[in-house]
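Data block below; observations after.
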Amino acid sequence: MDNLKAIIESLLFVAETPLKLDKIKSVLEVADRKAIRDALSSLAEEYESDNRGFFLTEVAGGFQIRTRPEYGRWIRRLKETRPPRLSRAGMETLAIVAYKQPVLRSDVEFIRGVDSGGTLRTLLERGLIRIMGRRDLPGRPIIYGTTRKFLEIFDLKDLNELPTLKELKDLGETWPNDSR
Amino acid sequence: MDNLKAIIESLLFVAETPLKLDKIKSVLEVADRKAIRDALSSLAEEYESDNRGFFLTEVAGGFQIRTRPEYGRWIRRLKETRPPRLSRAGMETLAIVAYKQPVLRSDVEFIRGVDSGGTLRTLLERGLIRIMGRRDLPGRPIIYGTTRKFLEIFDLKDLNELPTLKELKDLGETWPNDSR
Amino acid sequence: MEHIQDQTLYQVHLGDLFDGPMDLLVHLVKKNEVDIYDIPIASITQQYMEYLEWMKSVNIDVAGEFLVMAATLTYIKSRMLLPSHDEEGDEEDPRMEIVRPLAEYLQFKYAAEDLMERDRLDWDVFLRKGLNGVEAWPDGYPEGFTQVSLFQLIDAFQEIVKRVSPRYFLDVTPETISVRNRISQIADILEDRGSVTFRELFDTEVTKTDIIVTLLAILEMAKLQLIRIMQHVESGIIRIFRG
Chain Y
8 MDNLKAIIES LLFVAETPLK LDKIKSVLEV ADRKAIRDAL SSLAEEYESD
58 NRGFFLTEVA GGFQIRTRPE YGRWIRRLKE TRPPRLSRAG METLAIVAYK
108 QPVLRSDVEF IRGVDSGGTL RTLLERGLIR IMGRRDLPGR PIIYGTTRKF
158 LEIFDLKDLN ELPTLKELKD LGETWPNDSR
Chain L
8 MDNLKAIIES LLFVAETPLK LDKIKSVLEV ADRKAIRDAL SSLAEEYESD
58 NRGFFLTEVA GGFQIRTRPE YGRWIRRLKE TRPPRLSRAG METLAIVAYK
108 QPVLRSDVEF IRGVDSGGTL RTLLERGLIR IMGRRDLPGR PIIYGTTRKF
158 LEIFDLKDLN ELPTLKELKD LGETWPNDSR
Chain S
226 MEHIQDQTLY QVHLGDLFDG PMDLLVHLVK KNEVDIYDIP IASITQQYME
276 YLEWMKSVNI DVAGEFLVMA ATLTYIKSRM LLPSHDEEGD EEDPRMEIVR
326 PLAEYLQFKY AAEDLMERDR LDWDVFLRKG LNGVEAWPDG YPEGFTQVSL
376 FQLIDAFQEI VKRVSPRYFL DVTPETISVR NRISQIADIL EDRGSVTFRE
426 LFDTEVTKTD IIVTLLAILE MAKLQLIRIM QHVESGIIRI FRG
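Line order of the protein sequences matches chains Y, L and S. First residue of the first sequence? That's 8 in my numbering, and the numbers climb one at a time after it. First residue of the second sequence? That's 8 in my numbering, and the numbers climb one at a time after it. First residue of the third sequence? That's 226 in my numbering, and the numbers climb one at a time after it.
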C-alpha cells in the first residue's frame with residue numbers, strides 16, 4: 008500500500024480512543040505488523056524533529072496523537088476549560104482502587120477509615136473505575152477495578168506503568184501536599 | 008512568543024470548529040496578525056510537502072485541519088467498527104432485557120408501558136440481543152436475551168458485572184463537589 | 226424559629242474539612258513534623274481531641290469514625306503508660322496499631338499525588354474530538370442517538386425503575402444475575418455447538434455456588450423450554466439440546 012504512513016496518520020487523527028495495532032491491521036488489511044510499527048515510530052520521530060504541536064504516544068494499549076503538555080495552558084484558554092475537579096477523597100480512592108485492584112468497597116474503607124460509597128459511585132459515573140465482578144462471599148460483594156479511561160486520562164500504557172508505591176520507611180521524610 | 012507555529016498547530020488540532028484568525032489572536036494575545044498568518048501558511052505548506060495524512064484548509068471563515076479526502080475510505084472502515092449509538096428507548100429496552108433475561112416482549116412492554124416491538128427489532132439487528140427460544144404459550148412468543156456482542160460493547164466480562172438496584176442505592180449519593 | 230434555622234444554615238460537616246479521621250491524623254502528624262514511627266502519642270491525642278472539641282463548639286457534626294479513632298488513640302495512650310510486662314522488651318509498641326494503617330494510608334495519598342502530576346488528559350494534553358463529522362465522516366449517525374457506556378445503561382435502568390414500581394425488579398439480585406449470566410453462557414455454547422453433555426457444564430465449576438448456579442440455570446432453561454434434556458438409552462449420558 009502506498010502512503011501507509013499517511014493513511015495511518017489520518018486514522019490516528021480521527022480515532023476517538025487509542026488505536027490498537029491490531030485494529031489498524033484489520034482496517035487496512037495489511038498483513039505486516041512490522042510495517043505498521045515502523046510507520047508509527049517514524050511518525051513519532053517526525054513529530055519530535057519537526058517540532059509539531061502534538062506528539063504520538065502509546066496509551067491504554069493503543070496509539071494516540073495528543074497535544075504537547077507545554078501548550079496545555081493555551082488550549083485551556085481556547086476551550087475555557089475549568090479544572091477537572093476530582094476531590095482529594097476521589098483521588099485517594101482512585102489510587103487505592105488502582106493499586107489494590109481487584110478490590111472491595113470494604114477494603115477501600117478499611118484503608119481510608121471512612122465510608123467511601125459516594126466516592127466510588129462518582130468514580131464509576133466518571134468511568135474511571137468499573138465493576139469487575141463479584142466476590143464469592145455472603146452478599147456477593149462487588150469487586151472494583153480501574154478502566155481503560157483511567158489509563159487514558161493518566162497517560163498510562165497499562166497498569167504496570169503505575170509507579171511503585173513509596174516504601175514505608177521513606178514515608179515521613181517528605182509530606183504530601185496539604186492542599187487544604 | 009517562541010514556538011508560535013507549534014502552539015497554533017495545537018490549537019487547530021483541538022478546535023471543534025474552524026478557528027478564526029481573530030480567535031487565535033485573542034487566545035495567544037499576539038498583536039501581530041501577520042505572524043499568525045505566516046505560521047498558518049507555513050503549516051499548510053509543511054503538511055503538503057511532508058505528505059501528511061491531513062491538510063490545513065480555510066473554511067467557513069476559519070482554519071481547520073482535515074484528513075485528506077483520498078483516505079476517506081479507510082477512515083469510514085475504521086468508523087464502521089465503532090460501538091453503535093442507541094436511542095433512549097433502545098437503552099431502556101436493552102437494560103430491561105439485560106436485567107430480566109430470558110424475557111418476553113410482553114414483559115418488556117409491561118414494564119416500559121409502551122409498544123417495544125420496533126425497539127427490540129433494532130436491538131436484534133444490531134446484534135445486541137438474540138432470540139433464545141419461544142415460550143409454550145398462545146402465539147409462541149419469542150424469548151429474548153443479550154448477546155456476546157452486548158458484553159463486548161459494554162466492556163463486560165459477564166453479566167455478573169451488572170450492579171443491582173440495591174447495590175447502587177447502597178453506594179449512596181455522589182459527592183456534590185465532584186459532580187460537574 | 227429563625228434562630229434555629231440560622232444554626233442549621235451554618236452547620237458544617239467535619240468531613241468537609243477532613244476526609245476522615247486518618248486524614249486529620251496525617252494533618253496533625255505533619256503539622257508537628259514528627260516521624261510517623263515515633264509519634265508522641267500523648268501530644269497528638271490531645272491535639273486530636275482539641276480539634277474535635279473545637280469542631281463541636283462551632284456546631285460541626287462530628288461523624289462516628291472520628292470518635293472511634295479518638296477512642297483508639299486514648300487506648301494507645303493508656304497502654305503506653307503501663308509498664309511493659311515483658312522484661313526483654315519484645316512486646317510490640319502499642320502505637321503500631323495506629324502507625325501501620327497510617328503508613329498504608331499515606332502511601333495512597335502519595336500515589337494520588339503522583340497520579341495528579343502526570344500529563345492528564347483534558348488538562349495538560351488534549352485530543353482532537355467532537356467534530357461534527359463533515360470531513361471524512363460523511364455518513365454520521367442518525368440524530369437523537371448517543372454513544373453508550375455501561376453507566377448509561379445502568380442510568381437507563383434506574384430511570385425505568387423511577388418511572389415504574391421497583392417491585393418489577395425485586396428479582397434482580399446478585400444471585401439471580403449470576404443465574405441469568407449462566408443461562409446466557411449456556412445459550413452461547415448451544416448456539417455454537419447445538420448440544421452439550423450435562424457433565425461438561427459442570428467441568429469448569431470451582432465453587433459450590435457455581436455448581437448451584439449452573440443447576441438453577443439448567444432448570445430455568447428447561448422450564449422455559451429453551452433446552453431439551455435427553456438421556457442416551459445405552460450409555461446413560463445426559464445431553465442438553467437447544468429447545
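Even glycine gets a Cβ: it sits at the ideal position worked out from N, Cα and C. What you are looking at is a predicted structure, and each value in this text was computed from that prediction instead of being measured.
query	result
Chain S contacts made by the segment 106 to 121 of chain Y, where a contact means CB separation under 7 Å	Y106, I118, R119, G120 and V121
Cut-off 6 Å between Cβ atoms - residues of its own chain near R467(S), not counting five sequence neighbours on either side	L415
DSSP state of T429(S) mapped onto helix, strand, coil	coil
Closer than 9 Å to chain Y by CB, V34(L)	yes
Euclidean distance between Cα positions of L47(Y) and G134(Y)	29 Å
Spatial neighbours of K302(S) in its chain, beta-carbon cut-off 8 Å, leaving aside the 5 residues before and after	I266, A267 and T270
6 Å Cβ shell around L426(S) - same chain, five flanking residues per side excluded	T439
Within 7 Å of chain S by C-beta, residues of the segment 151 to 172 of chain Y in sequence order	E159, I160, F161, D162, P170 and L172
Minimum C-alpha distance to V66(L) - residue among K27(L), V110(L) and K107(L)	K27(L)
D57(Y) at chain L interface by Cβ criterion, 9 Å	yes
Extent of the continuous beta strand (DSSP E) run through L153(L)	Strictly speaking, residue 153(L) in this sequence is Thr, with Leu absent from that position. Here the beta strand (DSSP E) through T153(L) covers I149 to T153.
Chain L residues whose Cβ lies nearer than 7 Å to that of I82(Y)	S17, L18 and V21
Proximity of D122(L) and E53(Y) at Cβ, strictly below 9 Å	no
For L331(S), the nearest candidate out of V458(S), Y262(S), I454(S) and M446(S) (CA to CA)	Y262(S)
Whether L85(L) touches V104(L) by CB criterion (9 Å)	no
Proximity of V350(S) and G60(Y) at Cβ, strictly below 9 Å	no
N- and C-terminal bounds of the beta strand (DSSP E) containing E65(Y)	F61 to V66
Of the residues E16(Y), L19(Y), R142(Y) and A13(Y), the one placed nearest T432(S), counting alpha carbons only	R142(Y)
For D143(L): DSSP bridge partner residues	Note: D143(L) sits in no beta bridge, so no partner.
Residue from T171(Y), S94(Y), N167(Y) and T154(Y) with nearest C-alpha to K164(L)	T154(Y)
Selection from R83(Y), E99(Y), T24(Y) and K107(Y) that minimises the alpha carbon distance to Q71(Y)	T24(Y)
Identity of the residue in M139(Y), T129(Y) and I136(Y) nearest G179(L) by Cα	T129(Y)
V350(S) in three-state terms, based on DSSP	strand
Beta-carbon proximity of I43(Y) to L93(Y), cut-off 9 Å	no
Simplified DSSP assignment, three categories, for R464(S)	strand
Alpha-carbon to alpha-carbon, Q450(S) and R418(S)	18 Å
Delimiting residues of the alpha helix (DSSP H) encompassing F48(L)	The sequence shown places Ser at residue 48(L), rather than the Phe named in the question. Where S48(L) is concerned, the enclosing alpha helix (DSSP H) stretches over R40 to S56.
Beta-carbon contacts of M455(S) that lie in its chain and below 6 Å, excluding the five residues immediately before and after	R464
Which listed residue (R325(S), V389(S) and E459(S)) has its alpha carbon closest to that of I264(S)	R325(S)
Between the CA atoms of E174(L) and E459(S) - distance to the nearest angstrom	49 Å
Option nearest Q108(L) by Cα separation, candidates I285(S), A336(S) and V397(S)	V397(S)
R388(S) at chain L interface by Cβ criterion, 9 Å	yes
Any non-hydrogen atom of the ligand SAH within 8 Å of P109(L) CB	Within the structure as shown, the ligand SAH is missing, as the structure has no ligands at all.
Length of the line joining the Cα atoms of L307(S) and P319(S)	10 Å
Cβ of K86(Y) within 9 Å of any chain S Cβ	yes
Simplified DSSP state of G69(Y), which is helix, strand or coil	strand
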